[in-house]
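Below is one structure, written out as structure tokens; comments come after it.
Numbering (my numbering), first residue to last: 72 to 202.
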């Protein structure tokens with residue numbers, strides 16, 4: 072399993088889709104700031120999802136980005152579903168993306184700290200405790 076950080080994210084194997092190219096365009100710089108969480112399946116030791124938050128603009132907007140690994144997609148959960156579940160914490164709107172990568176901008180930065188736990192609970196509910 073590969074985990075990517077700010078020094079290696081640009082070299083990650085991004086999906087060769089319009090969605091993948093758009094996500095790469097803002098995720099690489101965004102990855103260098105803010106809170107991030109990785110969710111893995113303990114039984115298979117595989118990465119299931121990545122959650123990234125960060126301040127997107129000088130006006131204090133917050134960006135949420137979720138990414139779902141193929142294994143998560145095969146189990147019936149996608150990045151858009153995960154994003155919808157956590158977006159209210161930062162009053163996010165204008166959700167974009169699709170099953171592999173989804174993102175939204177929020178106006179409530181003080182909600183960022185609650186996002187990883189909300190994502191963990193959602194994944195546990197959907198996957199029966201494997202997150």
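A virtual CB, placed ideally from N, CA and C, is assigned to each residue, including glycine.
Sub-9 Å separation of residue 136 and residue 194 beta-carbons: The residue you call residue 136 lines up with position 65 of the chain shown. The residue you call residue 194 lines up with position 123 of the chain shown. No.
Provide the residue(s) that pair with residue 199 in DSSP beta bridges, ordered along the chain. Reading the chain shown from its first residue, position 128 is the one you call residue 199. Residue 199 is not bridged to any residue.
Terminal residues of the alpha helix (DSSP H) in which residue 151 lies: Position 80 of the chain shown, counted from the first residue, corresponds to residue 151. 150 to 157 is the extent of the alpha helix (DSSP H) around residue 151.
Would you kindly work out how many angstroms separate the C-alpha atoms of residue 95 and residue 199, rounded to a whole number? One-based indexing of the chain shown puts residue 95 at position 24. One-based indexing of the chain shown puts residue 199 at position 128. For residue 95 and residue 199, the distance between alpha carbons rounds to 31 Å.
Buried or exposed (CB count within 10 angstroms, at least 16 for buried), residue 92: Stepping through the chain shown from its first residue, residue 92 is reached at position 21. Exposed, because fewer than 16 other Cβ atoms sit within 10 Å of the Cβ of residue 92.
Please state the DSSP three-state secondary structure of residue 132. Taking the chain shown and counting its residues from 1, the one referred to as residue 132 is at position 61. In this structure, residue 132 counts as coil in the three-state DSSP scheme.
Which residues does DSSP list as the beta-bridge partners of residue 177? Sequence index remark: in the chain shown, residue 177 carries index 106 (1-based). Partner(s): 133, 163.
In three-state terms, what does DSSP make of residue 88? Your numbering for residue 88 matches position 17 in the chain shown. Residue state, collapsed to three classes: coil.
Helix, strand or coil for residue 95 per DSSP? Against the chain shown, residue 95 aligns to sequence position 24. Residue 95 falls in the helix class under three-state DSSP.
Close-in-space but distant-in-sequence residues of the same chain around residue 163 (CB under 7 Å, 5 per side omitted): As a position in the chain shown, residue 163 is number 92, starting the count at 1. So the list reads 135, 175, 176, 177, once near-sequence residues are dropped.
Under the assumption that residue 153 contacts residue 190 (Cβ atoms under 8 Å), give the Cβ distance between them as a whole number of angstroms. As a first step, residue 153 is located in the chain shown; it is residue number 82 there, counting from the start. As a first step, residue 190 is located in the chain shown; it is residue number 119 there, counting from the start. Confirmed, Cβ separation roughly 6 Å.
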